[in-house]
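At position 149 of the sequence shown the residue is numbered 149 (full-length UniProt numbering), and the sequence of numbers has no breaks.
Glycine included, each C-beta is placed from N, C-alpha and C at the ideal position.
Predicted model, so just to flag it, every value in this text is computed and none were measured.
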Amino acid sequence: MKCSFTLNGRAVEAEIDGLTPLLRLVRDHAGTGTKLGCGEGRCGACTVLVDGEPVASCLYPAANVEGRQVRSIESIAAPDAPLSPVQDALLDGGAVQCGACIPGVVMTLTALLEKENRPSEERVRTELVGNICRCTGYHKIVESALAVTT
Ligand code: FES
């Protein structure tokens, strides 16, 4: 079947079957930098936004994005553009260590901060539950997210 959707503002059309994960379309077909981590929906490295909501694209069915808006990390800041406020805060806050989780974390925090101007620490931690970071213990990631709102 054909799947048509918008990725980072551009129309994308691809041939899929019912089991094709969204990650295959955004990474392999469209060539974004969306990461493959665990491939089992547990780490959040593959997080993209579908109509503004974070999803684990390694498990999310591509068929579900028909006619919808998908954003990958490339929608946050172009390579030659300034970093986004979330990216700046993570960098300034020393929240980036190995970096494996960071694109997914950026997507999740961007979605949250686009919906809520001043989320609580509890809210930030709840939103990040699907993004596994093995380095930081989350403290600096959460502090950085809260710094974006100040
Ligand atoms: Fe999708 Fe880990 S690669 S959740």
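Residue i Cβ short of 7 Å to ligand 1 heavy atom set
i: Leu-25; result: no
Distance, residue j Cα to residue i Cα
i: Ala-63; j: Pro-21; result: 8 Å
i: Pro-119; j: Ser-57; result: 25 Å
i: Cys-43; j: Ile-102; result: 11 Å
i: Val-148; j: Cys-98; result: 22 Å
i: Gly-93; j: Tyr-138; result: 12 Å
i: Thr-136; j: Ser-144; result: 12 Å
i: Gly-67; j: Leu-49; result: 14 Å
i: Ala-45; j: Ile-16; result: 22 Å
i: Ala-77; j: Val-96; result: 17 Å
i: Ala-14; j: Val-55; result: 19 Å
Three-way DSSP call (helix, strand, coil) for residue i in this model
i: Leu-128; result: helix
i: Lys-140; result: helix
i: Thr-47; result: strand
i: Lys-2; result: strand
i: Arg-27; result: helix
i: Val-12; result: strand
Strictly closer than 7 Å from CB to any heavy atom of ligand 1: give me those residues in the order they appear in the chain.
Leu-23, Lys-35, Leu-36, Gly-37, Cys-38, Gly-39, Glu-40, Gly-41, Arg-42, Cys-43, Gly-44, Ala-45, Cys-46, Ala-56, Ser-57, Cys-58 and Leu-59
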